[in-house]
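Heads up: the sequence shown begins at 89 in the numbering used here, then just goes up one per residue.
Don't be surprised by glycine CBs; every beta carbon is placed ideally from N, CA and C.
Please read all numbers here as calculations on a predicted model, not as lab measurements.
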Amino acid sequence: MTPTTPESVPAAIRGPRRLLSRIRDLMAAQEDAQKRLDRLTDIIAEETGSAVCSIYLVRPSGALELSATHGLKPEAVHSVRLRPDEGLVGLVARSARPLPVEDAPAHPSFSYKAETGEEPFRSFVGVPILRGGRLVGVLTTQTRAKRPTTEEEIETLQTVAMLLAEIVVSGDLVSAEAFSGLELKPSRPERFQGMALSPGVAVGRAVMHEPHVMSARMVAEDAEAEEARLDLAIARLRQSVDALLNSGRVPIGTPSREVLEAYRMFAQDRGWLAQLHEAVRSGLTAEAAVERVRNEHRARLMKARDQHFRERLHDLEDLANRLLRHLEEEHNGGPLALPDDAVLIARSVGPAELLEFDRTKLLAVALEEGSPTSHAAIVAKALNIPMVGQVEGALDRIEEGDPVIVDGEFGLLHARPSAEVSEVYDERVASLAERRRAYAQVRGEPATTKDGARLELHMNAGLLVELTRLAETGADGIGLFRTEFQFMVSDTLPRLQAQMDLYRSVYDAAEGKPVVFRTLDLGGDKVTPYTPSMREPNPALGWRALRMGLDRPGLTRYQLRALVRASAGRDLRVLFPMIAATSELAAARDMLDEELDFAARHGHEPPASVQAGMMLETPAIAFAPDACLEIADFVAVGANDLMQYFFAADRQNPRVSNRYDVLAPAPLSLLKSVREACARHDTPVSVCGEIAGRPLEACVLTALGYRNYSMAAASIGPIKRALAGLDAGRLGAWLESAIAEPEDVRGPGLRARLLEAAETAGLPLEIIDKTVRV
Numbered sequence: 089m090t091p092t093t094p095e096s097v098p099a100a101i102r103g104p105r106r107l108l109s110r111i112r113d114l115m116a117a118q119e120d121a122q123k124r125l126d127r128l129t130d131i132i133a134e135e136t137g138s139a140v141c142s143i144y145l146v147r148p149s150g151a152l153e154l155s156a157t158h159g160l161k162p163e164a165v166h167s168v169r170l171r172p173d174e175g176l177v178g179l180v181a182r183s184a185r186p187l188p189v190e191d192a193p194a195h196p197s198f199s200y201k202a203e204t205g206e207e208p209f210r211s212f213v214g215v216p217i218l219r220g221g222r223l224v225g226v227l228t229t230q231t232r233a234k235r236p237t238t239e240e241e242i243e244t245l246q247t248v249a250m251l252l253a254e255i256v257v258s259g260d261l262v263s264a265e266a267f268s269g270l271e272l273k274p275s276r277p278e279r280f281q282g283m284a285l286s287p288g289v290a291v292g293r294a295v296m297h298e299p300h301v302m303s304a305r306m307v308a309e310d311a312e313a314e315e316a317r318l319d320l321a322i323a324r325l326r327q328s329v330d331a332l333l334n335s336g337r338v339p340i341g342t343p344s345r346e347v348l349e350a351y352r353m354f355a356q357d358r359g360w361l362a363q364l365h366e367a368v369r370s371g372l373t374a375e376a377a378v379e380r381v382r383n384e385h386r387a388r389l390m391k392a393r394d395q396h397f398r399e400r401l402h403d404l405e406d407l408a409n410r411l412l413r414h415l416e417e418e419h420n421g422g423p424l425a426l427p428d429d430a431v432l433i434a435r436s437v438g439p440a441e442l443l444e445f446d447r448t449k450l451l452a453v454a455l456e457e458g459s460p461t462s463h464a465a466i467v468a469k470a471l472n473i474p475m476v477g478q479v480e481g482a483l484d485r486i487e488e489g490d491p492v493i494v495d496g497e498f499g500l501l502h503a504r505p506s507a508e509v510s511e512v513y514d515e516r517v518a519s520l521a522e523r524r525r526a527y528a529q530v531r532g533e534p535a536t537t538k539d540g541a542r543l544e545l546h547m548n549a550g551l552l553v554e555l556t557r558l559a560e561t562g563a564d565g566i567g568l569f570r571t572e573f574q575f576m577v578s579d580t581l582p583r584l585q586a587q588m589d590l591y592r593s594v595y596d597a598a599e600g601k602p603v604v605f606r607t608l609d610l611g612g613d614k615v616t617p618y619t620p621s622m623r624e625p626n627p628a629l630g631w632r633a634l635r636m637g638l639d640r641p642g643l644t645r646y647q648l649r650a651l652v653r654a655s656a657g658r659d660l661r662v663l664f665p666m667i668a669a670t671s672e673l674a675a676a677r678d679m680l681d682e683e684l685d686f687a688a689r690h691g692h693e694p695p696a697s698v699q700a701g702m703m704l705e706t707p708a709i710a711f712a713p714d715a716c717l718e719i720a721d722f723v724a725v726g727a728n729d730l731m732q733y734f735f736a737a738d739r740q741n742p743r744v745s746n747r748y749d750v751l752a753p754a755p756l757s758l759l760k761s762v763r764e765a766c767a768r769h770d771t772p773v774s775v776c777g778e779i780a781g782r783p784l785e786a787c788v789l790t791a792l793g794y795r796n797y798s799m800a801a802a803s804i805g806p807i808k809r810a811l812a813g814l815d816a817g818r819l820g821a822w823l824e825s826a827i828a829e830p831e832d833v834r835g836p837g838l839r840a841r842l843l844e845a846a847e848t849a850g851l852p853l854e855i856i857d858k859t860v861r862v
């Protein structure tokens with residue numbers, strides 16, 4: 089056994105740089121796994137002046153196995169195991185915090201193991217070996233004499249433990265063959281039940297949006313150069329956060345303004361910055377220093393019970409992730425390239441970020457956060473990228489390159505799937521491909537019900553890239569073009585010519601099919617650098633959409649001017665969102681008329697025809713639509729917002745967004761009354777939103793008399809096929825009777841009764857999804 093350095097020489101005198109250098113040399117040595125791990129304990133003991141150094145690694149059972157030691161009996165290696173709640177080692181594992189003890193045998197948690205031969209040793213220091221907040225093992229040192237442990241010694245051991253976690257998990261130090269059964273990194277199949285955000289199934293390899301630092305990039309060659317890199321990255325981070333806040337901009341899909349302000353505060357936090365600089369000075373690269381601090385905060389977050397404390401640690405972790413991405417892009421000369429079968433695993437992602445990825449390589453996205461109506465989900469649907477959200481723990485339990493399956497139909501994420509699960513999904517993928525081929529065969533045929541009702545199926549869009557799917561889907565036109573995306577992804581107000589170019593491109597891509605342009609639906613969580621930013625307790629009910637447009641008429645008229653100019657000689661259909669009073673629609677029409685007069689006075693070619701419509705999405709209009717119907721040329725029922733206001737349930741909040749059902753008597757009665765009011769005024773009406781793209785809901789709407797829908801491109805084929813088997817007349821009669829019946833509050837709801845009646849009620853059996861969740 090290699091003799092130890094005298095205990096009188098503390099680690100603080102020698103410092104950790106030489107220790108890290110020796111570990112780097114060890115990694116390059118050609119020795120078997122156990123010898124290298126044993127040699128590592130020798131090096132740590134020598135450099136820290138300890139009589140004992142031991143490494144305990146976690147087994148799948150949760151037990152901590154003594155895997156290497158310097159100073160204890162060699163025969164104890166791989167034979168001594170501690171329960172997670174046993175001894176001082178177990179205490180370190182449970183707390184995920186360093187534990188210095190002057191007199192270990194006197195500590196109430198001390199557990200004596202005779203087979204280790206640890207009787208002579210008194211002081212004890214244990215630090216957790218953490219990776220991504222997940223416990224990999226525990227690193228301990230012991231001395232014969234009772235003595236206090238300095239902060240510098242603990243810092244040194246934490247640095248070594250962080251490095252040890254990466255090199256053990258990466259296999260650079262410990263081979264899987266030599267340490268079979270140890271949970272060095274997640275290897276078992278795991279299933280995460282989340283929320284479906286964008287349909288589809290994809291099989292690929294995990295790409296972590298918050299990647300770990302590779303072990304080869306953890307030990308610095310030049311500490312001063314690394315500190316300079318760290319300072320530059322911190323400066324860039326501060327500049328980016330300051331720019332966001334000073335401009336009033338909250339980019340879509342990123343944290344709220346309150347969190348950004350917290351970021352600015354944390355980015356100046358002396359304690360956080362001192363931790364980073366100390367880690368770099370100890371011999372780590374800038375990336376490894378950020379990783380170490382992030383790991384410590386994440387471990388504390390996972391143990392914390394106080395919600396406020398957890399939120400603060402979340403902010404710190406996200407800030408560290410931003411800093412790490414700055415460093416990675418600087419190291420790689422730009423964003424990392426995706427592999428051909430990439431499945432992005434992230435906490436959250438914004439629509440602008442999503443658009444920056446190579447869409448030929450990005451197969452799917454899985455988020456720990458997210459909601460079905462978030463802008464990232466809308467973009468994912470537009471790009472036909474399967475997406476699941478609310479898969480808590482995915483970032484900690486999935487490694488870069490792991491095989492994964494994203495099931496956007498049932499909101500499932502499978503990591504390292506078993507052969508049986510992979511086989512089932514291979515069949516699913518083949519089945520979906522066959523289904524798409526079937527939809528393609530009928531894309532040119534009109535949408536009709538079994539009993540002859542003719543319907544129009546339009547697609548929603550907001551990006552030019554989506555319009556390539558118009559011919560592919562056989563859609564009758566663009567029922568809703570969301571104009572705000574051009575504004576949200578731009579740092580400055582798009583100039584008149586840029587807006588005109590976009591709208592003309594939309595017309596050209598539509599190739600004569602009708603297009604409905606919705607004016608800007610900004611506000612709430614959709615804030616740009618050039619529109620005023622406000623904190624509101626309930627942004628969904630706040631200053632947004634046409635409310636903002638009427639208060640800032642210059643912005644609205646600027647857009648209407650671009651639409652009028654771009655539609656020269658073509659049919660212009662303008663849709664105004666968020667109407668809550670007849671006066672709002674009248675004021676919006678007046679602005680449109682003013683821009684039409686302006687174009688005529690300046691000699692611009694006018695549109696071939698002009699129609700002004702309203703989004704019906706507030707109960708105020710839904711319950712009394714007649715006055716607005718006198719001045720609206722057409723109506724689009726914005727079902728997403730209308731239903732969230734009707735049920736007083738925030739559709740962005742996963743805790744309540746699934747607590748209501750649109751297929752209940754009350755909302756169906758409201759939707760029926762809206763359709764009847766439009767019929768009385770001879771005003772065309774369509775349904776936009778999620779319910780239009782769901783086969784069962786679309787069948788019910790058709791039975792209520794609706795004939796025009798606008799939906800995500802991917803929904804058009806399934807909806808057309810479902811409606812082809814629908815007997816709308818028979819379902820209409822069934823619904824009229826069912827809605828009129830007194831509701832049994834303890835019995836099955838209308839949806840369940842409808843599915844049970846199925847064929848008797850006129851429904852096509854194929855819309856009842858019999859697929860079993862895997």
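query: Any idea which residues DSSP pairs L660 with across the strands?; result: V698
query: Using CA coordinates, which residue listed in T706, D639, Y646 and R689 is at the minimum distance from T670?; result: T706
query: Which residues mark the beginning and the end of the alpha helix (DSSP H) in which F445 is found?; result: Counting along the chain, F445 falls outside any alpha helix (DSSP H), and DSSP gives it neither H nor E.
query: Output the distance between the C-alpha atoms of R632 and V467, rounded to the nearest integer angstrom.; result: 20 Å
query: Using only CA atoms, which one of G567, A164 and L590 lies nearest to Q574?; result: L590
query: Find the nearest neighbour of T136 within the set L187, Q230 and A194, judged by alpha-carbon distance.; result: Q230
query: Helix or strand or just coil, what does DSSP make of P94?; result: Any answer about P94 is weak, because its pLDDT of 44 lies below 50 and its placement is not dependable; what the coordinates show is given next. P94: coil per DSSP, three-state reduction.
query: Starting from G793 and walking both ways along the beta strand (DSSP E), at which residues does that stretch end?; result: Per DSSP, G793 belongs to no beta strand (DSSP E) and is neither H nor E.
query: For a quick check, are the C-beta atoms of C766 and V723 less than 7 Å apart?; result: yes
query: So, under 8 Å CB-CB, D446 and L426 are touching, yes? Tell me the CB distance rounded to an integer number of Å.; result: 5 Å
query: Flag this pair as yes or no: are the beta carbons of M306 and A376 separated by less than 7 Å?; result: yes
query: To test your reading of the DSSP string, which unbroken beta strand (DSSP E) runs of 3 or more residues are found completely within the region 468 to 522?; result: 475 to 477, 491 to 495 and 500 to 503
query: Can you name the start and end residues of the beta strand (DSSP E) that N548 belongs to?; result: R542 to A549
query: For the region 720 to 799, list the beta strand (DSSP E) runs that are entirely contained and at least 3 residues long, ordered along the chain.; result: 722 to 726, 773 to 776 and 796 to 799
query: Where do the ends of the alpha helix (DSSP H) carrying G820 lie?; result: A816 to A828
query: I'd like to check one pair, P806 with P783: are the Cβ atoms closer than 7 Å?; result: yes
query: Should P343 be labelled buried (16 or more other beta-carbon atoms within 10 Å of its own) or exposed?; result: Caution applies to P343, whose pLDDT of 37 falls short of 50 and renders its modelled position unreliable; the model cannot decide the point.
query: CA-CA distance, V594 and N472?; result: 19 Å
query: Three Cβ pairs or more, each shorter than 8 Å: is that satisfied between the region 449 to 464 and the region 733 to 752?; result: yes
query: Below 7 Å CB to CB, which residues in the same chain sit around A849 once its five sequence neighbours on both sides are set aside?; result: R818, L819, W822 and L842
query: How many whole angstroms separate the CB atoms of R219 and E254, which I take to be in contact at a CB cut-off of 8 Å?; result: 7 Å
query: Which stretch, first to last residue, makes up the alpha helix (DSSP H) that contains F686?; result: T670 to R689
query: I'd like to check one pair, G292 with D429: are the Cβ atoms closer than 7 Å?; result: yes
query: Could you compute how far the alpha carbon of R570 sits from the alpha carbon of N548?; result: 8 Å
query: With distances taken between CB atoms, is the gap from G532 to G562 smaller than 7 Å?; result: yes
query: Hey, how far is the Cα of P641 from the Cα of A650?; result: 14 Å
query: On the criterion of 16 or more Cβ atoms from any shown chain inside 10 Å, does P582 qualify as buried, or is it exposed?; result: buried
query: Counting pairs of Cβ atoms below 8 Å between the region 473 to 480 and the region 496 to 507, do you hit three or more?; result: yes
query: Skipping 5 residues on each side, what residues in its chain have a beta carbon closer than 8 Å to that of Y513?; result: V289, V291, I493, D495, H502, P505 and V862
query: What number of angstroms, rounded off, separates the C-alpha of D539 from the C-alpha of L634?; result: 40 Å
query: Which stretch, first to last residue, makes up the alpha helix (DSSP H) that contains A598?; result: L584 to A598
query: Exposed or buried, what is S655 when buried is set at 16 or more other beta-carbons lying within 10 Å of its beta-carbon?; result: buried
query: Any idea what DSSP makes of H365, helix, strand or coil?; result: helix
query: Please list, in chain order, all residues of the same chain as V168 whose beta carbon is under 7 Å from its beta carbon, the five residues on each side excluded.; result: L154, K201, E203 and T204
query: Would you identify the three-state DSSP class for P216, choosing helix, strand or coil?; result: strand
query: Go ahead and pull the three-state DSSP assignment for F280.; result: strand
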